[in-house]
Amino acid sequence: MIEVVECGPLVTLQDDGRPGHLSRGLAQGGAADRRARAEAEALLGQAGAGIETPGAPLRLRAGETVHLALTGAPMRATLGDRALRWHAAQVVEAGEVLDLRPKGPGVYSYVHVAGGFQTEAILGSRSAHLIANVGRPLAPGDELPCATGTGRAMTVDPTERFEGGTLRLVPTPQTRLFPAAEIERFTATRFTRDARGNRQGVRLAMDGRGFATEGQLNLLSDFILPGDIQMTGDGVPYILGPECQTTGGYPRIGTVIAADLPRALQAGPGATLTFRFVTPEEARAAAPAPPAVRPLLRDPSEVPDLLGMQLIGGVISAKGEE
Amino acid sequence: MRAGAVQVLTPRAVPGTPVPMGDSFPRIEPLGEAAVLVRFTPRLDDAANRACVAFRAALEADRPEGVVETASSLGSVLVRHDGRDPTALLEPRLGACDWSAVPPPPRRLWSIPCSYGGDDGPQLAEAAEMAGLSESAAIEALSTARIRVLALGFAPGMPYLGILPEAWDLPRQTGLTPKVPEGALVVAVRQFVLFGTEAPTGWRQIGRTLFGCFEPGRARPIALSPGDEVRFVPVSPEALRRGADADAERHGGATWEALE
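The listed protein sequences correspond, in order, to chains A and B. For the first sequence, position 236 matches number 236 in our numbering, and the numbering has no gaps at all. For the second sequence, position 69 matches number 391 in our numbering, and the numbering has no gaps at all.
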């Protein structure tokens, strides 16, 4: 069990969500940064549902010894007086208190334990889906059941995804409704990730006028998916997130490819984003390699009693035997 | 929905030069890298919606290789895949028959109690007048119309229902009603929406149900399916609440029967 001691707003449990309910209006949902889950999975063997925090501070007490992974947007992580490595899995002993504070860049940070948190599943998932009224944010006093476990300290090289950049798009059925000049202007524009954003969608800000389709459109509502870039009535683009509605009537100028979606949603307020179209074949080929993990070698800076330790022993001659 | 030629639109790497929209339906269009959209119509059309429901049911009965999920909306069928684009497998199926003439899959006929007008339907009078009817004639027309769940969306399990007679082709309000309650029955553009949550809307509220569109704790959390038929049975405000209080399933006193 892990106890939530302190917890900022909108911290939730997330797994891969609930696929299969689009026909009934329920979006899949799940973790905003799927790569962070893949990294946790690689670090722990089996990650299950983990904690997602949109940079909100968090303090957790281990009710028992757990093998715990920290992935996604880096936070300042301490265990008592010891700094904990991010993008890594380590053992947290029973009774220890893990403290996470925002540090940036990036938006969504993740805490997973080996085997996952065993809260009650709803429709096959432990993900909170707040827009759909499924589950609720975590609160101080919550006790999250999990298995006792131990394991090696491991680290993973994260994909680069916390500071914006160029996002690759594939066309949607509505892309062709935008005049060629508007598409060109769109791909030439440097957007800023607006402060307004959540798991439903992220607003983009830009200089100059909005992006419009030709003529007044009255589109029949149709399916929308996470990654779609929806152009609202005033021509302001939104990148849709895991809790977007299942259908909508606004035109979508393109869809961010799956490989770049973690980067789209991890771009924090003020990050610069640009767009480039690719083909669906290129999009599928762009999937990153599975996360590579390796044993975590202890960094001397993380050892509090370094000066008291015997670091060199058994050396008798600088020249060795010649 | 004529059978025969199926238009397949291929994506372009750089979508710069406009492609004529064309008017050939159904057509298959890519939607992102892991889904295609089978679009039966560009505008609201009962026959095309029936085709969507029937085509989707046929896909579910025999899923083509690589397909991981299907869903139907007002005028299209979404086909999510695992990276193996199913377009070539969908084309012959799509062209095999007139999908709007295929008998509908097994579905339910729901009778959902509704309190029309008054505090439960503050815009009934306005909507009735726009439709050229008295209030009582409007209730008669709305409660006897044989309507179908065209699609579920906006909020989980929240139905778009229709298609209502021509007289109900009411435009949306120019301003939004700041808030209608959960269970509100609203009308516009020849459709009902039954609100699954409290929400702002540009549609006019003509009645109130206490039907829980989505209850995660229920054995069948989302009660309705696209293609289900619905009647909104007129009841008094008191009877609505009495029936709902007695309904542990949070269906607001609604009943259903299976239709084959």
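Glycine is no exception: its CB is placed at the ideal position from the N, C-alpha and C atoms. These numbers were taken from a predicted model, which means no experiment stands behind them.
At a CB-CB cut-off below 9 Å, which residues of chain A make contact with residue i?
i, result
"B:F476", "G25, S221, Q245, T246, T247, G248"
"B:G364", "The sequence shown places Pro at residue 364 of chain B, not Gly. Result: L219, L220."
"B:A449", "None at all; the shortest Cβ gap to chain A is about 21 Å."
"B:A369", "None at all; the shortest Cβ gap to chain A is about 14 Å."
What in chain B is Cβ-close to residue i, meaning under 9 Å?
i, result
"A:S225", "Just to set this straight, residue 225 of chain A is Leu in the shown sequence, not Ser. By Cβ distance, chain B contributes L353, G354, A356, A357, L400, R402."
"A:P280", "P333, P352, G354, E355, A356, D407"
"A:A19", "Correcting the residue type first, residue 19 of chain A is Pro in the shown sequence and not Ala. V390, E391, R402, listed in chain order."
"A:I257", "G354, E355"
If residue i sits next to residue j, beta carbons under 8 Å apart, how far is it from one beta carbon to the other, in whole angstroms?
i, j, result
"B:R530", "B:S437", "5 Å"
"B:L359", "A:F277", "The Cβ separation is near 18 Å, so there is no contact."
"A:A259", "A:P288", "6 Å"
"B:F533", "B:A561", "Not quite, the Cβ-Cβ distance comes to about 14 Å (not below 8 Å), so this is no contact."
"A:P9", "B:P352", "A:P9 to B:P352, Cβ: 38 Å. No contact."
"A:D323", "A:L265", "Because chain A in this structure spans residues 1 to 322, residue 323 of chain A falls outside the shown range and cannot be described."
"A:E39", "A:H87", "7 Å"
"A:A69", "A:L44", "5 Å"
"B:V502", "B:Q527", "5 Å"
"A:A73", "A:G95", "Not quite, the Cβ-Cβ distance comes to about 27 Å (not below 8 Å), so this is no contact."
"B:V390", "B:P427", "Their Cβ separation, rounded to whole angstroms, is 20 Å, which puts B:V390 and B:P427 out of contact at 8 Å."
"A:R252", "A:I229", "6 Å"
"A:T12", "A:G141", "In fact, because the Cβ distance is near 16 Å, the residues do not count as touching under 8 Å."
"A:G220", "B:G397", "According to the sequence provided, residue 220 of chain A is Leu. The question's Gly does not apply to it. Indeed they touch by this definition, with Cβ atoms about 5 Å apart."
"B:A510", "B:P487", "B:A510 to B:P487, Cβ: 14 Å. No contact."
Please go through the same chain and pick out, in chain order, the residues whose beta-carbon is closer than 6 Å to the beta-carbon of residue i, but skip the five residues on each side of it.
i, result
"B:R372", "S422"
"A:L123", "R18"
"B:G539", "none"
"A:P145", "M1, Q118"
"B:G388", "H403, D404, R406, P408"
"B:I294", "Residue coverage of chain B in this structure runs from 323 to 582, which leaves residue 294 of chain B outside it and unanswerable."
"B:R572", "G534, E537"
"B:P481", "V471, L474, L516, L546"
"B:M343", "With a pLDDT of 49 at B:M343, under the threshold of 50, the predicted position of this residue should be treated as unreliable, though the coordinate-derived value follows. Taken in chain order, the list of residues that qualify is empty."
"A:D234", "G210"
"A:A153", "Q90, L296"
Cutting at 8 Å between CB atoms, please list the residues of its own chain near residue i, excluding the five before and the five after it.
i, result
"A:Q46", "A114, G115, G116"
"A:D15", "G30, A31, R37, G48, A49, G50, G116, S125, R126, S127"
"B:L416", "V328, P348, I350, V360, F377"
"B:E551", "R429, R430, L431, W432, R468, I469, R470, V471, L581"
"A:G323", "As shown, chain A starts at 1 and ends at 322. That puts residue 323 of chain A outside it, with no answer to give."
"B:A568", "G575"
"B:E520", "K501, V502, P503, E504"
Could you list which residues in chain A have their beta carbon closer than 8 Å to that of residue i, in chain order?
i, result
"B:G479", "R24, G25, L26"
"B:S547", "S23, R24"
"B:I544", "H21, R24, G25, L26"
How would you list, in chain order, the residues of chain B whose beta-carbon sits under 7 Å from the beta-carbon of residue i?
i, result
"A:R284", "E355, G405"
"A:P242", "Result: empty, since nearest Cβ-Cβ is about 14 Å, beyond 7 Å."
"A:P237", "Chain B residues near A:P237: none, gap ~16 Å exceeds 7 Å."
"A:P288", "Near A:P288 there are no residues of chain B at all, since even the closest Cβ is about 14 Å away, more than 7 Å."
Could you name the residues of the same chain whose beta carbon sits closer than 7 Å to that of residue i, not counting the 5 residues immediately before and after it, in chain order?
i, result
"A:P179", "E214"
"A:A286", "R168, I257, A259"
"B:A566", "L532, G574, G575"
"A:T150", "T65, H67, V91"
"A:E41", "A47"
Quick one: which chain B residues come within Cβ less than 8 Å of residue i?
i, result
"A:V170", "P333, P352, G354, E355"
For the segment 519-541 of chain B, enumerate the residues whose C-beta is nearer than 9 Å to any C-beta of chain A, in chain order. T519, C535, F536, P538, G539
Residues from the segment 383-396 of chain B in contact with chain A, defined by Cβ distance under 9 Å: V390, E391, T392, A393, S394, S395, L396
Quick one: which unbroken alpha helix (DSSP H) runs of 4-plus residues sit fully inside the segment 186-212 of chain A? Chain order, please. none
Along the segment 128-153 of chain A, what residues have a CB closer than 9 Å to any CB found in chain B? H129, I131, A132, N133, V134, G135
Could you please tell me which residues of the segment 409-440 of chain B, in chain order, have their CB closer than 7 Å to any CB of chain A? none
Give the list of continuous beta strand (DSSP E) stretches no shorter than 3 residues that lie fully inside the segment 65-97 of chain A. 66-72, 75-79, 88-92
Under 8 Å, CB to CB, which of the residues in the segment 92-122 of chain A have a partner in chain B? I122
To test your reading of the DSSP string, which unbroken alpha helix (DSSP H) runs of 4 or more residues are found completely within the segment 386-454 of chain B? 409-417, 446-452
What ranges does the alpha helix (DSSP H) occupy inside the segment 154-188 of chain A, keeping only unbroken runs of at least 4 residues that lie completely in it? 180-188
Report the residues of the segment 460-473 of chain B with a CB closer than 9 Å to any CB of chain A, ordered along the chain. A473
Secondary structure, beta strand (DSSP E): runs of 3+ residues fully inside the segment 240-277 of chain A: 252-256, 272-277
Jot down the residue ranges of each uninterrupted beta strand (DSSP E) in the segment 485-528 of chain B, minimum 3 residues, whole runs only, in chain order. 499-502, 506-510, 513-516, 521-523
Which ranges would you report for the beta strand (DSSP E) in the segment 36-66 of chain A if only whole runs of at least 3 residues count? 50-53, 58-62
Interface residues of the segment 53-85 of chain A facing chain B [CB-CB below 7 Å]: none
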